[in-house]
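> Read top to bottom, the protein sequences are chains A and B. With the working numbering applied, the first sequence closes on residue 473, and no number is skipped along the way. With the working numbering applied, the second sequence closes on residue 473, and no number is skipped along the way. For glycine and all other residues, C-beta sits at the position ideal for the given N, C-alpha and C. Pasting a structure here, questions to come.
Protein chains: 2
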Amino acid sequence: MASRINPISGFPEFSPAQQLVIDNIVRLICRTYESFGYTPIETPAVERLAHLVAKGIEGKEVYVLKRAHGLDDDSDAALALHFDLTVPLARYVAQHYSSLTFPFRRYQIQPVWRGERPQKGRFRQFYQCDIDVIGDGKLPLSFDAEIPGIIFKLFSEIAIGDFTIRINNRKILTGLFASLGLRSEDGVRAAMHTIDDMEKTSTEEAVRRLRDLEVAQADIERLLLIFRTEGQSNEDTLSLLRSMSVNEEFETGVNELSEVVAEAPLHVMDVNDPIGNSCIDQTGKLAPPIGGNPRARYASSFRIDLRIARGLDYYTGTVYETRLNNNPKIGSICSGGRYDNLAGAFVDQALPGVGISIGLTRLVSQLFDAGLLKAPRATPARVLVAVQDRSRFQECVSIGHRLRSAGISTEVFLAELGLGRQMRYADQKGFDIVVFGNAHELDRKCAKVKHMRSGEEKEISLSQLAPFIHMQLE
Amino acid sequence: MASRINPISGFPEFSPAQQLVIDNIVRLICRTYESFGYTPIETPAVERLAHLVAKGIEGKEVYVLKRAHGLDDDSDAALALHFDLTVPLARYVAQHYSSLTFPFRRYQIQPVWRGERPQKGRFRQFYQCDIDVIGDGKLPLSFDAEIPGIIFKLFSEIAIGDFTIRINNRKILTGLFASLGLRSEDGVRAAMHTIDDMEKTSTEEAVRRLRDLEVAQADIERLLLIFRTEGQSNEDTLSLLRSMSVNEEFETGVNELSEVVAEAPLHVMDVNDPIGNSCIDQTGKLAPPIGGNPRARYASSFRIDLRIARGLDYYTGTVYETRLNNNPKIGSICSGGRYDNLAGAFVDQALPGVGISIGLTRLVSQLFDAGLLKAPRATPARVLVAVQDRSRFQECVSIGHRLRSAGISTEVFLAELGLGRQMRYADQKGFDIVVFGNAHELDRKCAKVKHMRSGEEKEISLSQLAPFIHMQLE
Numbered sequence: 000m001a002s003r004i005n006p007i008s009g010f011p012e013f014s015p016a017q018q019l020v021i022d023n024i025v026r027l028i029c030r031t032y033e034s035f036g037y038t039p040i041e042t043p044a045v046e047r048l049a050h051l052v053a054k055g056i057e058g059k060e061v062y063v064l065k066r067a068h069g070l071d072d073d074s075d076a077a078l079a080l081h082f083d084l085t086v087p088l089a090r091y092v093a094q095h096y097s098s099l100t101f102p103f104r105r106y107q108i109q110p111v112w113r114g115e116r117p118q119k120g121r122f123r124q125f126y127q128c129d130i131d132v133i134g135d136g137k138l139p140l141s142f143d144a145e146i147p148g149i150i151f152k153l154f155s156e157i158a159i160g161d162f163t164i165r166i167n168n169r170k171i172l173t174g175l176f177a178s179l180g181l182r183s184e185d186g187v188r189a190a191m192h193t194i195d196d197m198e199k200t201s202t203e204e205a206v207r208r209l210r211d212l213e214v215a216q217a218d219i220e221r222l223l224l225i226f227r228t229e230g231q232s233n234e235d236t237l238s239l240l241r242s243m244s245v246n247e248e249f250e251t252g253v254n255e256l257s258e259v260v261a262e263a264p265l266h267v268m269d270v271n272d273p274i275g276n277s278c279i280d281q282t283g284k285l286a287p288p289i290g291g292n293p294r295a296r297y298a299s300s301f302r303i304d305l306r307i308a309r310g311l312d313y314y315t316g317t318v319y320e321t322r323l324n325n326n327p328k329i330g331s332i333c334s335g336g337r338y339d340n341l342a343g344a345f346v347d348q349a350l351p352g353v354g355i356s357i358g359l360t361r362l363v364s365q366l367f368d369a370g371l372l373k374a375p376r377a378t379p380a381r382v383l384v385a386v387q388d389r390s391r392f393q394e395c396v397s398i399g400h401r402l403r404s405a406g407i408s409t410e411v412f413l414a415e416l417g418l419g420r421q422m423r424y425a426d427q428k429g430f431d432i433v434v435f436g437n438a439h440e441l442d443r444k445c446a447k448v449k450h451m452r453s454g455e456e457k458e459i460s461l462s463q464l465a466p467f468i469h470m471q472l473e
Numbered sequence: 000m001a002s003r004i005n006p007i008s009g010f011p012e013f014s015p016a017q018q019l020v021i022d023n024i025v026r027l028i029c030r031t032y033e034s035f036g037y038t039p040i041e042t043p044a045v046e047r048l049a050h051l052v053a054k055g056i057e058g059k060e061v062y063v064l065k066r067a068h069g070l071d072d073d074s075d076a077a078l079a080l081h082f083d084l085t086v087p088l089a090r091y092v093a094q095h096y097s098s099l100t101f102p103f104r105r106y107q108i109q110p111v112w113r114g115e116r117p118q119k120g121r122f123r124q125f126y127q128c129d130i131d132v133i134g135d136g137k138l139p140l141s142f143d144a145e146i147p148g149i150i151f152k153l154f155s156e157i158a159i160g161d162f163t164i165r166i167n168n169r170k171i172l173t174g175l176f177a178s179l180g181l182r183s184e185d186g187v188r189a190a191m192h193t194i195d196d197m198e199k200t201s202t203e204e205a206v207r208r209l210r211d212l213e214v215a216q217a218d219i220e221r222l223l224l225i226f227r228t229e230g231q232s233n234e235d236t237l238s239l240l241r242s243m244s245v246n247e248e249f250e251t252g253v254n255e256l257s258e259v260v261a262e263a264p265l266h267v268m269d270v271n272d273p274i275g276n277s278c279i280d281q282t283g284k285l286a287p288p289i290g291g292n293p294r295a296r297y298a299s300s301f302r303i304d305l306r307i308a309r310g311l312d313y314y315t316g317t318v319y320e321t322r323l324n325n326n327p328k329i330g331s332i333c334s335g336g337r338y339d340n341l342a343g344a345f346v347d348q349a350l351p352g353v354g355i356s357i358g359l360t361r362l363v364s365q366l367f368d369a370g371l372l373k374a375p376r377a378t379p380a381r382v383l384v385a386v387q388d389r390s391r392f393q394e395c396v397s398i399g400h401r402l403r404s405a406g407i408s409t410e411v412f413l414a415e416l417g418l419g420r421q422m423r424y425a426d427q428k429g430f431d432i433v434v435f436g437n438a439h440e441l442d443r444k445c446a447k448v449k450h451m452r453s454g455e456e457k458e459i460s461l462s463q464l465a466p467f468i469h470m471q472l473e
């Protein structure tokens, strides 16, 4: 059947099976963020256009709202859909400053909109999953050190393969650029972009662009040496940086980076930690780490990379990027950094912050496309109760209630259709278990239970149904 | 400190403490919908304006998007924010028809936008939480009977006081109106609104409006008799309806309503059901019902009310409304019904459906205002680890990891501040438990644990920390 629908490009929409996978990832993100004390907030989809413009919207192609049949009040003449969650956070913190407790740890998972020309992998609506912590006046570097630990825990649990969290400090770059005579805003920005692009372009291209910025040949060579530290150990990179004498800005950046890199591993559980080990869980077992000692894995997943610049202008210290080792083409799946003053446009207080953002829609789309995420089920229910004898409908519904009470999501097949149709339904939606409600077994207070993947069938007494199914689902 | 923010009216924003409560309600809604096999979908915030217009947008004041610096392609010239989740569902089902399995049970929790003139209790952006089930060609009345059972379970668990789910069938009304000579679309609509408004206006007003529609005095009296059946038992109302001879439409409506009302209680667990009782849960206990036998409570919460008409034109059979018994002014918190053909504008197949929608933002706003929902905590973490001796910071961070591994969300206080400041922070954010990290106790592999509400303090060995805190949090 042909429908008369012309899909809107750039506004992704997922199948029910995919949406279930996405929702599970979102729940894992929420749980992880919350386990560290980040609290959820939500801001309206719109902000005043003037607030968005104040933070710079070049290239973001903001969508402005207008009413279809304009009521003639001007109250929303200049409302626009937010293009990120950072500007809304700034406005939120400024507006509610007096009722918030600082340091304010918040997370926010919402769609954002950008009216870009649609093309593959570019979306006009996509989800961001942000955490940020905002200090009142100051915010110690411990917060910079904690965030990659949270991200590490999260991506380890999503289990999308090995990844590397890369860290840098913008002051190292701005210090370097200043030492080369690049001080104008445009010059620094162009140099940042050159460094940021080094991974996708060639060394020759970087050299050409730095020459265009009138950087001397000797300086270019020195820069390339520094930016080729990729693959070195964090210790070696820090030694190199400490050996250099550039300027105060550079030195501050090196010191900050050293401090953050030194503390970061603390924020990942070490199963060999004697203090830690003595805090066992409720059941007396230590939760088993996935894939070995997390802190040992972290050591190889957390790297200084001096090329990380982050395009956005507002970062002033630590910057992060995260890439999948086996799928570098996906680009950074999680980026962020430190900013000195979140809400300067709105309030007089200095509100420094540090945060990170996962571009969820882009990430899951690419993982689906690459086959790295599977979407095997089109129902959140694990069990279908098939009504074989319509005269026993009431008992079938009752089985559904009791399985739900035992925490097993269960659909009872309500339509009066033959068993063949019901089984096809179970198969197409991907139920794990079908319970058959027929007189023969119900008369003996039993039901036949079919495990759909193995095809195994077993007659189970109703009193054992829930525990049996729990076991089957494990 | 005064911020330079002028809030946008009609776009609600909640405090962190309120947002935590809202998120918990949303999770409960998801869990309940999913336990019955409704699968989550999400549609983009925008639809083509032409699609929205096709379904009637009078009074909805649609927001259209335009780009701030218009790229000059016309591809999104006519995109608008959706004003409900039903039109997007229709478009979704039509567009993905061939890859969906029917009956298609979906739920959808998203904001919707209406450019109404802002006034108290009216929002321009608000969340709807919809469930619908769509049949391919036909959909039996069992689905109409199941939905109020789901809503009953949900609102019982949200625990916002007694409520009444009211049910009617539009065919009863349209049959009656036709018998009075009201057949024009405008006439029927005006009569529907009159009936729908009877609860908030007076009988006199209803009489006046029916007279304006040229309904004869005798007929008006007969109508009022019918619409005064409120408070009667469902059986008495059905008897009255069955005794009336009106027309075929009316009779079909009465039969449908009878069938749905007869089956509805099945879809609520009956703890006295011998079949049900024999399905015990995993741990061998039957999940205790909240406040007695649910089906017995349902009997008094589920009422026929012939005045329920639902303003929207597309309902063709069953209609539902739900009100809080002690807060009738809040109005209907959950409404919906049956429609014969969801997606007629898009596809040729008949796609009948039945569904219901919770207006979440309006509901929680009013419950917060009325003090019926409390928001005591501004953090999702239950435990704060206060760092009393900075030299033991590493061990404090380690305690955080291990509590999290045991499923206890825990924030470690990272900033170097005195204990007084840390306790004020714990108090303001509403942590339940503070664990003190100081040398005196850590040296003996212990920590002091304070229960914030009771003020009780106890020294606990690190190995017993997680189980002890689990007990304290119960």
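Chain B beta carbons: is any one of them nearer than 7 Å to that of Phe10 (chain A)?
As a position in the first sequence, residue 10 (chain A) is number 11, starting the count at 1. Judged by the 7 Å Cβ criterion, Phe10 (chain A) is in contact with chain B.
> What span of residues does the alpha helix (DSSP H) with Tyr297 (chain A) cover, start to end?
Taking the first residue of the first sequence as position 1, residue 297 (chain A) is located at position 298. Unbroken alpha helix (DSSP H) run through Tyr297 (chain A): 293-300.
> Mind the definition here: the stretch 137-146 of chain A touches the stretch 108-115 of chain A only if three or more C-beta pairs lie below 8 Å; say whether that holds.
Short answer: they don't touch.
> Checking 7 Å against the spacing of the C-beta atoms, do Val386 (chain B) and Gly436 (chain B) come in under that value?
Translated into positions along the second sequence, residue 386 (chain B) becomes position 387. Translated into positions along the second sequence, residue 436 (chain B) becomes position 437. In contact: Val386 (chain B) and Gly436 (chain B) (Cβ atoms closer than 7 Å).
> Would DSSP call Phe103 (chain B) helix, strand or coil?
The residue labelled residue 103 (chain B) in the question sits at position 104 within the second sequence. Reduced to three states, the DSSP call for Phe103 (chain B) is strand.
> Establish whether the CB of His400 (chain B) and some CB of chain A are separated by less than 7 Å.
Numbered from 1 along the second sequence, position 401 holds the residue referred to as residue 400 (chain B). For His400 (chain B), the answer is yes, since a Cβ of chain A falls inside 7 Å of its Cβ.
> Quick one: list the residues of chain B neighbouring Glu415 (chain A), beta-carbon separation under 7 Å, in chain order.
Here residue 415 (chain A) corresponds to residue number 416 of the first sequence, with the count starting at 1. Correct list: Pro139.
> DSSP has Pro39 (chain A) in a bridge; who is on the other side?
Position 40 of the first sequence, counted from the start, is the residue given in the question as residue 39 (chain A). Paired residue(s): A:Tyr106.
> Checking 7 Å against the spacing of the C-beta atoms, do Ile150 (chain B) and Cys333 (chain B) come in under that value?
Locating residue 150 (chain B) in the second sequence gives position 151, counting from the first residue. Locating residue 333 (chain B) in the second sequence gives position 334, counting from the first residue. Contact: yes.
> According to DSSP, Cys445 (chain B) sits in a beta bridge with which residue or residues?
Here residue 445 (chain B) corresponds to residue number 446 of the second sequence, with the count starting at 1. DSSP output for Cys445 (chain B) lists B:Ser460 as bridge partner(s).
> Just the Cα atoms here: how many angstroms apart are Ala77 (chain B) and Leu366 (chain A)?
The count along the second sequence starts at 1 and reaches residue 77 (chain B) at position 78. The count along the first sequence starts at 1 and reaches residue 366 (chain A) at position 367. Approximately 31 Å between the Cα atoms of the pair.
> Less than 7 Å between the C-beta atoms of Ile329 (chain A) and Glu320 (chain A), yes or no?
Within the first sequence, the letter at position 330 stands for residue 329 (chain A). Within the first sequence, the letter at position 321 stands for residue 320 (chain A). No.
> Phe125 (chain B) versus chain A: which residues are under 9 Å apart at the beta carbon?
One-based indexing of the second sequence puts residue 125 (chain B) at position 126. Residues of chain A passing the Cβ test: none, with the nearest at roughly 10 Å.
> In the DSSP assignment, find the unbroken beta strand (DSSP E) run with Ile133 (chain B) in it and report its ends.
Residue numbering aside, residue 133 (chain B) sits at position 134 when the second sequence is read from its first letter. Taken as a continuous stretch (DSSP letters only), the beta strand (DSSP E) holding Ile133 (chain B) covers 124-133.
> In chain order, what residues of the same chain lie with their CB nearer than 7 Å to the CB of Phe392 (chain A), ignoring the 5 residues before and after it?
Residue mapping note: residue 392 (chain A) aligns to position 393 of the first sequence, counting from 1. Within the same chain, Phe392 (chain A) has close Cβ partners Val386.
> Please confirm whether Glu114 (chain A) has its beta-carbon closer than 7 Å to some beta-carbon of chain B.
Counting from one through the first sequence, the residue named residue 114 (chain A) turns up at place 115. Contrary to the premise, residue 114 (chain A) reads as Gly rather than Glu in this sequence. Taking Cβ atoms only, chain B reaches closer than 7 Å to Gly114 (chain A), which makes this a yes.
> Along the beta strand (DSSP E) that carries Arg322 (chain B), what are the first and last residues, could you check?
Along the second sequence, read from residue 1 onward, the residue named residue 322 (chain B) stands at position 323. 317-323 is the extent of the beta strand (DSSP E) around Arg322 (chain B).
> Against chain A, with Cβ distances strictly below 7 Å, would Lys428 (chain B) count as a contact?
Mapped onto the second sequence, residue 428 (chain B) falls at position 429. It does: the Cβ of Lys428 (chain B) has a partner Cβ on chain A nearer than 7 Å.
> Hey, is the stretch 370-382 of chain B in contact with the stretch 332-352 of chain B, meaning 3+ C-beta pairs nearer than 8 Å?
Flag = no, the stretch 370-382 of chain B and the stretch 332-352 of chain B do not touch.
> Nearest-angstrom Cα distance between Ser364 (chain A) and Asp442 (chain A)?
Walking along the first sequence from the start, residue 364 (chain A) turns up at place 365. Walking along the first sequence from the start, residue 442 (chain A) turns up at place 443. Cα to Cα, Ser364 (chain A) sits roughly 50 Å from Asp442 (chain A).
> Taking only runs that begin and end inside the stretch 374-462 of chain B, name each unbroken alpha helix (DSSP H) of 4 or more residues, in chain order.
Correct list: 392-404, 418-428, 438-441.
> Give the single residue among A:Ser178, A:Phe412, A:Ser356, A:Gly291 whose Cα lies nearest to the Cα of Val250 (chain A).
Stepping through the first sequence from its first residue, residue 250 (chain A) is reached at position 251. Going by the sequence as given, residue 250 (chain A) is Glu instead of Val. Selected option, being the one with the closest Cα: A:Ser178.
> Pull the bridge partners of Gly352 (chain A) from the DSSP assignment, please.
Counting from 1 along the first sequence, the entry for residue 352 (chain A) is found at position 353. Bridge partners of Gly352 (chain A): A:Ile133, A:Tyr338.
> Along chain B, which residues have their Cβ under 9 Å away from the Cβ of His145 (chain A)?
As a working note, residue 145 (chain A) is residue 146 in the first sequence. Position check: residue 145 (chain A) holds Glu in this sequence, whereas His was assumed. Under the 9 Å cutoff, chain B gives Val396, Val411, Leu413.
> Check whether the Cβ atoms of Phe122 (chain B) and Pro6 (chain B) lie closer than 7 Å to each other.
Locating residue 122 (chain B) in the second sequence gives position 123, counting from the first residue. Locating residue 6 (chain B) in the second sequence gives position 7, counting from the first residue. No, they are not a contact pair.
> With DSSP as the reference, label Ile225 (chain B) as helix, strand or coil.
Counting from one through the second sequence, the residue named residue 225 (chain B) turns up at place 226. It is helical.
> For Asp131 (chain A), count the other beta carbons within 10 Å of its own beta carbon; 16 or more makes it buried, fewer makes it exposed. Which is it?
For the purposes of this step, residue 131 (chain A) is identified with residue 132 of the first sequence, where counting begins at 1. So Asp131 (chain A) counts as buried.
> Once you ignore the five residues that flank Tyr126 (chain A) on each side, which residues in its own chain have a CB closer than 6 Å to its CB?
Residue numbering aside, residue 126 (chain A) sits at position 127 when the first sequence is read from its first letter. Answer for Tyr126 (chain A): Pro110, Leu359, Thr360, listed in chain order.
> Let me see if you follow: with CB-CB separation under 7 Å, is Met268 (chain A) close to chain B or not?
Position 269 of the first sequence holds residue 268 (chain A). So, interface residue.
> Could you give the DSSP three-state label for Phe162 (chain B): helix, strand or coil?
By one-based count along the second sequence, residue 162 (chain B) stands at place 163. Strand at Phe162 (chain B).
> In terms of residues, what are the limits of the alpha helix (DSSP H) holding Ala369 (chain B)?
On the second sequence, residue 369 (chain B) is found 370 positions in, with the first residue counted as 1. Ala369 (chain B) -> no alpha helix (DSSP H), and no H or E assigned at all.
> Could you work out which residue in B:Gly316, B:Glu184, B:Val270 is closest to Tyr297 (chain B) when comparing CA atoms only?
Your numbering for residue 297 (chain B) matches position 298 in the second sequence. With distances taken between Cα atoms, Tyr297 (chain B) lies closest to B:Val270.
> What did DSSP end up calling Gly9 (chain B) once you bin it into helix, strand or coil?
Here residue 9 (chain B) is taken as the residue at index 10 of the second sequence, counted from 1. Coil.
> If we call anything under 7 Å between Cβ atoms a contact, is Thr38 (chain A) one with Arg105 (chain A)?
By 1-based counting over the first sequence, the position of residue 38 (chain A) is 39. By 1-based counting over the first sequence, the position of residue 105 (chain A) is 106. It is a contact, given that the beta carbons lie within the stated cut-off.
> Considering only the beta carbon of each residue, do Ile159 (chain A) and Asn233 (chain A) sit closer than 7 Å?
For the purposes of this step, residue 159 (chain A) is taken as residue 160 along the first sequence, with counting starting at 1. For the purposes of this step, residue 233 (chain A) is taken as residue 234 along the first sequence, with counting starting at 1. Going by C-beta atoms, Ile159 (chain A) is not nearer than 7 Å to Asn233 (chain A).
> Excluding the 5 residues flanking Ala425 (chain A) on each side, which residues of the same chain have their C-beta closer than 6 Å to its C-beta?
Within the first sequence, the letter at position 426 stands for residue 425 (chain A). Cβ neighbours of Ala425 (chain A) beyond the five flanking positions: Leu383, Val433.
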